[in-house]
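Respectively, the protein sequence lines represent chains A and B. Take 32 as the starting number for the first sequence in the working numbering and just add one per residue. Take 775 as the starting number for the second sequence in the working numbering and just add one per residue.
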Amino acid sequence: MSQLTTIVTVVLCITMIVAALMAIRGQSVPIAILAAGLVSLSASVVFLVVASPDVAMTEAAIGSGLTTFLLFFVLARVRGGEND
Amino acid sequence: MIKRFAILVMLLAVAAVFATLTLSYQPDAELNQTARYYAERTASEVGSANIVTAIVVTYRGLDTLGEVTVLFLASSIVGLLLARGRNAKLNPAKPLPASELLVTGSRLLTPLVMLLGVYVFVNGHLTPGGGFQGGSILASGVLLMLLADPLKHFSHHLISALESIAGLFYVAIGVLGIFLAGGFLDNRILPIGELGALFSAGAIPLIYSLIGLKVGAEFSSILANLSATEEL
Chain A
32 MSQLTTIVTV VLCITMIVAA LMAIRGQSVP IAILAAGLVS LSASVVFLVV ASPDVAMTEA
92 AIGSGLTTFL LFFVLARVRG GEND
Chain B
775 MIKRFAILVM LLAVAAVFAT LTLSYQPDAE LNQTARYYAE RTASEVGSAN IVTAIVVTYR
835 GLDTLGEVTV LFLASSIVGL LLARGRNAKL NPAKPLPASE LLVTGSRLLT PLVMLLGVYV
895 FVNGHLTPGG GFQGGSILAS GVLLMLLADP LKHFSHHLIS ALESIAGLFY VAIGVLGIFL
955 AGGFLDNRIL PIGELGALFS AGAIPLIYSL IGLKVGAEFS SILANLSATE EL
């Protein structure tokens, strides 16, 4: 790996850790969902950097695309019950 | 206190495992035996330009059938669990109308998203991507339509018919491989053709398109079930 890809990978991994902590510790549910989506998005870029485009596409399409919107969809459905 | 201590010990143990793994890691100078087998034989045996697709659809085709089955079970169980809530349609609460931006944007984007999904799974044997990725992109298009118009009703019969027919043909092509070629899910029931052409790699484009439709229909059925359920 060249210098640049190493830097990009490290930055993305730090982003993933911060976003994951936000998703777990955050107070607001929508922001937690967005942070979880950010984890997947960064993961898919990391997969692309380490030369596995197929896995990166799966992660981007399912992990960061479909799952994030699915969680929002479900959130809109269950709103009005408990306020957490 | 003991709980905190146990968590700390656990974290340290995991950190030690990862540290040893990371420190002792050395990139391979050459492909290992399995990888070399696939890299050398794919072009002549399967004829697929994308080696990952050759492994997923042909060499390890049975695993893919299992994955599709797991997804099918998941979507069936979601349908089963949500079926109870579907009767509560006596007072359909009017959801807030979607914004003008979303409605107009989704009219423009939905056909393009669908087209991209179909492109990804039809070209699965040439470019990265394939049935699972393409299918989930198709489902994203369906999701966009649902977001723009929450009251839109999708025909459950159409989705389940599409899903069943795709699954049936997938297994039928696999069984055909036993009689016409080397074994279950062997792609050489059709001519392998020229490496890199759209109609190449035998039955792989056909199988991957069926997987794409099946995965798209399964995800769409989950979404349509969620949308049709009033109360959870």
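Cβ atoms here follow ideal geometry from the backbone N, Cα and C, with glycine treated the same way.
What residues in its chain sit with their C-beta under 8 Å from that of residue i, if we drop five residues either side in the sequence?
i          : result
Ile947(B)  : Leu959, Ile963, Ala977, Leu980, Ile981 and Leu984
Leu1000(B) : Val852 and Leu856
Gly956(B)  : Arg962
Leu972(B)  : Val896, Asn897, Leu900 and Pro979
For residue i, return the contacting residues in chain A, with the cut-off set at a CB-CB distance below 9 Å.
i         : result
Pro885(B) : The premise fails here: Pro885(B) is roughly 17 Å from chain A at the closest Cβ pair, so nothing lies under 9 Å.
Val826(B) : Ser83, Pro84, Asp85 and Val86
Among residues of its own chain, excluding the 5 on either side of residue i, which ones have a beta-carbon nearer than 7 Å to its beta-carbon?
i         : result
Ala857(B) : none
Met888(B) : Leu912 and Gly915
Pro919(B) : Pro is not the amino acid found at residue 919(B); the sequence shown has Met there. Taken in chain order, the residues that qualify are Ser880, Thr884 and Lys926.
Val39(A)  : Val80
Phe103(A) : Ile64
Ile933(B) : Ala991, Ser994, Ser995 and Ala998
Ala790(B) : none
Leu876(B) : Leu921 and Ala922
Going by DSSP in three states, residue i sits in which element: helix, strand or coil?
i          : result
His899(B)  : coil
Asp960(B)  : coil
Thr1083(B) : With chain B running from 775 to 1006 in the structure shown, residue 1083(B) is simply not present.
Asn806(B)  : coil
Thr46(A)   : helix
Gln800(B)  : coil
Asn999(B)  : helix
Ile981(B)  : helix
Val842(B)  : helix
Arg56(A)   : helix
Asp923(B)  : coil
Pro61(A)   : helix
Gly915(B)  : helix
Met775(B)  : coil
Ala787(B)  : helix
Ser71(A)   : helix
Ile892(B)  : The residue asked about is misnamed: residue 892(B) is Val in this sequence, not Ile. Val892(B): helix per DSSP, three-state reduction.
Leu864(B)  : Unreliable positioning characterises Leu864(B) in this predicted model, as indicated by a pLDDT of 48, which lies under 50. The coordinate reading is nonetheless provided below. Correct three-state label for Leu864(B): coil.
Leu771(B)  : Residue 771(B) lies beyond the stretch modelled for chain B, which goes from 775 to 1006, so this question has no answer here.
Ser95(A)   : helix
Ser33(A)   : coil
Val41(A)   : helix
Ser83(A)   : coil
Gly908(B)  : helix
Ala955(B)  : coil
What residues of chain B sit near residue i, judged by a beta carbon separation below 9 Å?
i        : result
Met47(A) : Correct list: empty, because the minimum Cβ distance to chain B is about 15 Å.
Leaving out five residues before and five after residue i in sequence, what residues of the same chain have Cβ atoms less than 6 Å from its Cβ?
i         : result
Thr832(B) : Val820 and Asn961
Gly835(B) : Leu959
Ala63(A)  : Ala54 and Gly57
Ala845(B) : According to the sequence provided, residue 845(B) is Leu. The question's Ala does not apply to it. Around Leu845(B): Glu992.
Within the present structure, is the beta-carbon of residue i separated from the nearest heavy atom of the ligand GDP by less than 8 Å?
i         : result
Leu950(B) : The model depicted lacks the ligand GDP and carries no ligand whatsoever.
Can you list the residues of chain B that residue i reaches, using a CB-CB cut of under 7 Å?
i        : result
Ile93(A) : Ser910
Thr89(A) : Phe906 and Gln907
Who are the neighbours of residue i on chain A, taking C-beta pairs under 8 Å?
i         : result
Ala913(B) : Leu97
Leu917(B) : Leu97, Phe100, Leu101 and Phe104
Who are the neighbours of residue i on chain A, taking C-beta pairs under 7 Å?
i         : result
Gln807(B) : By Cβ distance, chain A contributes nothing, its closest Cβ being about 20 Å from Gln807(B), past 7 Å.
Phe993(B) : Leu97
Pro902(B) : Pro84, Asp85 and Met88
- Query: Does the region 891–902 of chain B come close enough to the region 929–942 of chain B that 3 or more CB-CB pairs lie under 8 Å?
  - Reply: no
- Query: Quick check: the region 35–51 of chain A against the region 86–101 of chain A, are there 3 or more CB pairs under 8 Å?
  - Reply: no
- Validate contact between the region 61–76 of chain A and the region 94–103 of chain A using beta carbons, cut 8 Å, 3 pairs: yes
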